[in-house]
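Right, one structure below, let's go through it.
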Amino acid sequence: MIVTTDRRYTIGILVQNVPGVLARIVGLFSGRGYNIETVTAAETNEKGLTRITLVTTGDERVLSQIVKQLNKLVNIIKVYDFSETEFVDREMALIKVRAEQQTRAEVLRIVDIFRAKVVDVSPHYYTLEVTGNEGKIAAIVELLDQIGIEEIARTGKAALARSKKY
Amino acid sequence: MKLKGAQIFFECLKKEGVDVIFGFPGGAVLDIYHEMARHNIRHILVRHEQGATHMADGYARASGRVGVCLVTSGPGATNTVTGIATANMDSVPIVVFTGQVPTPLIGDDAFQEVDIIGITRPCTKHSYLVRDVNDLPRVIKEAFYLARTGRPGPVVVDVPKDVVQAFADFKYPKKVDLPGYRPTVEAHAGQVKKAYQLIRKAKAPVIFAGGGIIISESSGELARLVKLIQAPVTCSLMGLGCFPATTPDRKGLRQPNPFWLGMLGMHGTYQANMAISHSDVIFAVGVRFDDRVTGKISTFAPKAKIVHVDVDPTSIGKNVEVDIPIVGDCKNALQQMIQLAEKEPIQDLAETRAPWLDQIAQWEKEHPLSYCAEGDLIKPQYVIEKIYEITGGDAIITTEVGQHQMWTAQFYKFDRPRTLLTSGGLGTMGYGFPAAIGAQVAFPDKLVIDIAGDGSIQMNIQELCTAVCNNIPVKVAIINNTYLGLPRQWQELFYEKDYTGSCLEGSPDFVKLAEAYGAVGLRAVRPEEVEPVLRKAFSIKSPVFMDFQVVAEENVYPIVPPGKCITEMLLA
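Chains as they are written, first to last, in my numbering: chain A, 1 to 166; chain B, 1001 to 1572.
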């Protein structure tokens, strides 16, 4: 028996952009009891190809099965496990935060420190756009939570390997 | 010149060499049926769509060709799900064409609309919804290619009604373009060499062969390798027939093959389970280490280094940890291994292997497969032994699922590949009878016998009509013990004899039932009637049901209780 501990993994998947391809991937995860923490998908510069970035948790055996099972899907061109390579990853969050007279300055200070942007202003709220890795998003969310986050929408992680083309 | 979609459909099937379709019509596929008469393709009208899929499956397993079925939308499509899942688990190449409501209606909950692609996604190798008649030739080409290559499997092609009504130019593509699908056929030479070095040094090696040998047509290579390395062979249920259980002696009489251990696992033989558990090297080819084979994983083959060859990388390292993984076609890997064995043979082979083979012979002597005769009553194992005796193994055997299936695996000696068709992975009751019909369609002159239980035969009994109407002379041997035998056995052994739900009293008179369908019905209630009934049945050129009324509470032994190590067998 193989016993290992759970870890988070970021997986990049290059797929043919055909109907149902995302359903096949998501169905594979739910059907076999794997986790999806985040998933992002959008077309690439190459016609008909979509890049998906998926974050999952599991032990090494599970990860190895995930990569192999994904590779088995006919519409999937390439699967790569980023833990084996250097990669950059970013996610974007839209955060609607309470911004009353007495807290506006504090919100703007945080925006400045995190190099975020105010993208919408209303009488009681600022909507912020912040981009970064998971750590940065978590940090700003923690700070803003003390002031009062009304709503949050995150894209989930998008990742690319450094230098080498996958 | 433009052709109608329905005509394009048949032109494509002809290009793929399809000679028979197992099908059932309905609104969404009537354009295809209307076109059918103009093409030289045999249509077998089934009585339930599940039967069609199992027939296509039986046809495919028996012949190695792709089986085809055609059903309508909605319930026609959903009825195929069990057959598709069965084929998927056992890697059987079938293409299932389902009708679909016209494209403008898709998503509107139209009459007989169902998202069959969504429903079957987890149990197919791949699937297609054809939205444009111009895509039909490419999709059909890809469907057949995917079904039969790599690790074979079922492909569903969902064809909306307006697509087969539309017109298009017909051009069948010469090649497929599937950039995401490139099965590894060639086994890695370095890995094969490492594996061979391991086997050379082994003192107690076992070859564990499975369905992959049959699919890749490499029984000959396996037999050759066994000669070269003098290692005994055990099989998964799916592998039975890939290695001969018997060999002819000098007079041409069949004798037990000294390298054959019998089946492995829950109902495996004592010597097979002991040999695997005491082996130092397991050479596993075309298997997937199903839980019915391994028993408790943490105690499986504790001393063995494992070499695992499979064309499907997901099968390797999924259930057991593997020391030398080899992704590739079994035939290719075996051929490479044979070359190595011929070039650098094992020194003092006979001497090296003798203690191990002696030990195995000793195990077999201690606990051979056996059963006790019981006077006036028929023992189920006896019926199966008689079937083997009379046919001499020259028959295609299908089974349903349950005790009779395990007794068949134990007491019938399979010598040739594609002579046992059984639902191994999914364990589908109701598989064997339609599968026998499919196999008989592929081989009209062969003796095809479904060994059935009184429970499972009733799951697709309506196909008797299909057999009679199309004059498909399959023989069905019902091992009738008035119980769902395996559940009852488990209830006896593990649930304090609580037989809730497993008693089948009140089943129909199978002889009268056969006669009602226009088939022949025969019955045996005493041991001496078994042989005459079988001989008579095999001489009749039409479908026959044989009702063997056997001892009710016979158990399959050995049995490894669920969750136990495979050496912890209950032997009687």
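Here a beta-carbon is modelled for each residue, glycine too, at the ideal position from N, C-alpha and C. Computed from a prediction, not measured in an experiment: that's the story for all the values here.
May I have the straight-line CA-CA distance separating F1024 of chain B from L1045 of chain B, to the nearest angstrom?
As a first step, residue 1024 of chain B is located in the second sequence; it is residue number 24 there, counting from the start. As a first step, residue 1045 of chain B is located in the second sequence; it is residue number 45 there, counting from the start. F1024 of chain B and L1045 of chain B: Cα-Cα distance of roughly 6 Å.
Around the Cβ of V1159 of chain B, are there at least 16 other Cβ atoms within 10 angstroms (buried) or fewer (exposed)?
Along the second sequence, read from residue 1 onward, the residue named residue 1159 of chain B stands at position 159. So V1159 of chain B ends up on the buried side.
Mind checking M1 of chain A: buried by the 16 CB within 10 Å criterion, or exposed?
Stepping through the first sequence from its first residue, residue 1 of chain A is reached at position 1. In this predicted model, M1 of chain A has a pLDDT of only 47, less than 50, meaning its place in the structure is not dependable; the value taken from the coordinates is given anyway. Burial call: exposed.
Please check if any C-beta of chain B sits within less than 8 Å of the C-beta of M1 of chain A.
Taking the first sequence and counting its residues from 1, the one referred to as residue 1 of chain A is at position 1. With a pLDDT of 47 at M1 of chain A, under the threshold of 50, the modelled position of this residue cannot be trusted, and the question is left open.
Could you check whether the Cβ of I76 of chain A sits closer than 8 Å to any Cβ belonging to chain B?
The count along the first sequence starts at 1 and reaches residue 76 of chain A at position 76. It does; some Cβ of chain B falls within 8 Å.
Counting only Cβ pairs nearer than 7 Å, list the residues of chain A close to K1318 of chain B.
For the purposes of this step, residue 1318 of chain B is taken as the residue at position 318 of the second sequence. Q65, listed in chain order.
List the endpoints of the continuous alpha helix (DSSP H) containing T1352 of chain B.
Taking the second sequence and counting its residues from 1, one reaches residue 1352 of chain B at position 352. Here the alpha helix (DSSP H) through T1352 of chain B covers L1349 to E1366.
In chain A, what lies closer than 8 Å to Y1181 of chain B by C-beta?
Locating residue 1181 of chain B in the second sequence gives position 181, counting from the first residue. Result: V74.
Starting from the beta carbon of P1122 of chain B, find every residue of chain A whose beta carbon is closer than 7 Å, and list them in chain order.
Residue mapping note: residue 1122 of chain B aligns to position 122 of the second sequence, counting from 1. Within 7 Å Cβ-Cβ: G27 and G31.
Closer than 8 Å, CB to CB, is R51 of chain A near chain B or not?
Taking the first residue of the first sequence as 1, we reach residue 51 of chain A at position 51. Not closer than 8 Å to any Cβ of chain B, the Cβ of R51 of chain A fails to qualify, so no.
Expressed to the nearest angstrom, what Euclidean distance is found between the alpha-carbon atoms of V1293 of chain B and V1560 of chain B?
Here the question's residue 1293 of chain B lines up with position 293 in the second sequence. Here the question's residue 1560 of chain B lines up with position 560 in the second sequence. Computed Cα separation, rounded: 10 Å.
Relative to the C-alpha of E1554 of chain B, which candidate in B:A1442, B:E1531, B:R1488 and B:G1099 has its C-alpha closest?
By one-based count along the second sequence, residue 1554 of chain B stands at place 554. Cα-wise, what sits closest to E1554 of chain B is B:R1488.
One question on the structure: do D1109 of chain B and G1083 of chain B come within less than 8 Å of each other, judged by their Cβ atoms?
The residue labelled residue 1109 of chain B in the question sits at position 109 within the second sequence. The residue labelled residue 1083 of chain B in the question sits at position 83 within the second sequence. Not closer than 8 Å, so no.
Quick check: what's the CA-CA separation for L6 of chain A versus I25 of chain A?
The residue labelled residue 6 of chain A in the question sits at position 6 within the first sequence. The residue labelled residue 25 of chain A in the question sits at position 25 within the first sequence. Checking the displayed sequence, the identity of residue 6 of chain A turns out to be Asp instead of Leu. Each residue's alpha carbon lies about 21 Å from the other.
Buried or exposed for F1494 of chain B, going by 16 or more other Cβ atoms inside 10 Å?
Indexing the second sequence from 1 puts residue 1494 of chain B at position 494. Per the 10 Å Cβ criterion, exposed.
How about I1397 of chain B and T1419 of chain B: are their beta carbons less than 8 Å apart?
By one-based count along the second sequence, residue 1397 of chain B stands at place 397. By one-based count along the second sequence, residue 1419 of chain B stands at place 419. Yes, the pair counts as a contact, with Cβ atoms nearer than the cut-off.
Specify the secondary structure class of I1559 of chain B as computed by DSSP and reduced to three states.
The residue given as residue 1559 of chain B occupies position 559 in the second sequence. Looking at I1559 of chain B - three-state DSSP - the assignment turns out to be strand.
Which parts of the stretch 1155-1199 of chain B are runs of the alpha helix (DSSP H), unbroken and 4 residues or longer, counting only runs that do not cross its ends?
As far as the stretch 1155-1199 of chain B is concerned, its whole alpha helix (DSSP H) runs of at least 4 residues are 1161-1165.
Between the C-alpha atoms of A1052 of chain B and A1436 of chain B, what's the straight-line distance to the nearest angstrom?
Taking the second sequence and counting its residues from 1, one reaches residue 1052 of chain B at position 52. Taking the second sequence and counting its residues from 1, one reaches residue 1436 of chain B at position 436. Those two C-alpha atoms are separated by around 12 Å.
Compute the distance between the beta-carbons of G1328 of chain B and V1233 of chain B, then report whether it is under 8 Å.
Here residue 1328 of chain B refers to the residue found at position 328 of the second sequence. Here residue 1233 of chain B refers to the residue found at position 233 of the second sequence. No, the Cβ-Cβ distance between G1328 of chain B and V1233 of chain B is not below 8 Å.
Who does M1546 of chain B pair with in a DSSP beta bridge?
Here residue 1546 of chain B refers to the residue found at position 546 when the second sequence is read from its first residue. DSSP output for M1546 of chain B lists B:A1477 and B:L1522 as bridge partner(s).
Under 8 Å, do G1107 of chain B and G1026 of chain B count as touching if we go by C-beta distance?
The residue given as residue 1107 of chain B occupies position 107 in the second sequence. The residue given as residue 1026 of chain B occupies position 26 in the second sequence. No. Outside cutoff.
If you draw a straight line from the alpha carbon of A138 of chain A to that of I113 of chain A, how long is it in whole angstroms?
To locate residue 138 of chain A, count along the first sequence from 1; it is residue 138. To locate residue 113 of chain A, count along the first sequence from 1; it is residue 113. The alpha-carbon atoms of A138 of chain A and I113 of chain A are separated by roughly 14 Å.
What are the boundary residues of the alpha helix (DSSP H) that includes C1330 of chain B?
Here the question's residue 1330 of chain B lines up with position 330 in the second sequence. Run containing C1330 of chain B: C1330 to K1343, per the alpha helix (DSSP H) assignment.
Do D59 of chain A and A159 of chain A have their C-beta atoms closer together than 8 Å?
Here residue 59 of chain A corresponds to residue number 59 of the first sequence, with the count starting at 1. Here residue 159 of chain A corresponds to residue number 159 of the first sequence, with the count starting at 1. No, the Cβ-Cβ distance between D59 of chain A and A159 of chain A is not below 8 Å.
How about R24 of chain A: is its C-beta nearer than 8 Å to some C-beta of chain B?
Taking the first residue of the first sequence as position 1, residue 24 of chain A is located at position 24. Yes, because at least one Cβ of chain B sits closer than 8 Å to the Cβ of R24 of chain A.
Give me the Cβ distance between A1204 of chain B and D1280 of chain B, rounded to the nearest whole Å; I'm assuming they're in contact under 8 Å.
Taking the first residue of the second sequence as position 1, residue 1204 of chain B is located at position 204. Taking the first residue of the second sequence as position 1, residue 1280 of chain B is located at position 280. Indeed they touch by this definition, with Cβ atoms about 5 Å apart.
Would you identify the three-state DSSP class for F248 of chain A, choosing helix, strand or coil?
Summary: the structure shown does not reach residue 248 of chain A, with chain A confined to residues 1 through 166, and so no result is reported for it.
Pairs of beta-carbons, one from the stretch 1465-1479 of chain B and one from the stretch 1510-1519 of chain B, closer than 8 Å: are there three or more?
Counting Cβ pairs under 8 Å, three or more are found: they touch.
Using CA atoms only, rank isn't needed, just tell me which of B:G1211, B:F1538 and B:G1430 is closest to A1395 of chain B.
Looking up residue 1395 of chain B in the second sequence gives position 395. That would be B:F1538, whose Cα lies nearest to the Cα of A1395 of chain B.
Check whether chain B comes within 8 Å of K136 of chain A, counting only Cβ atoms and requiring the distance to be less than that.
As a first step, residue 136 of chain A is located in the first sequence; it is residue number 136 there, counting from the start. So no, K136 of chain A is outside the interface.
Output the boundary residues of the alpha helix (DSSP H) element that contains T1294 of chain B.
Taking the second sequence and counting its residues from 1, the one referred to as residue 1294 of chain B is at position 294. Segment D1291 to T1294, the alpha helix (DSSP H) holding T1294 of chain B.
Does any residue of chain B bring its CB to less than 8 Å from the CB of K47 of chain A?
Locating residue 47 of chain A in the first sequence gives position 47, where the first residue counts as 1. It does not; no Cβ of chain B falls within 8 Å.
Is K1305 of chain B helix, strand or coil by DSSP?
As a first step, residue 1305 of chain B is located in the second sequence; it is residue number 305 there, counting from the start. Reduced to three states, the DSSP call for K1305 of chain B is strand.
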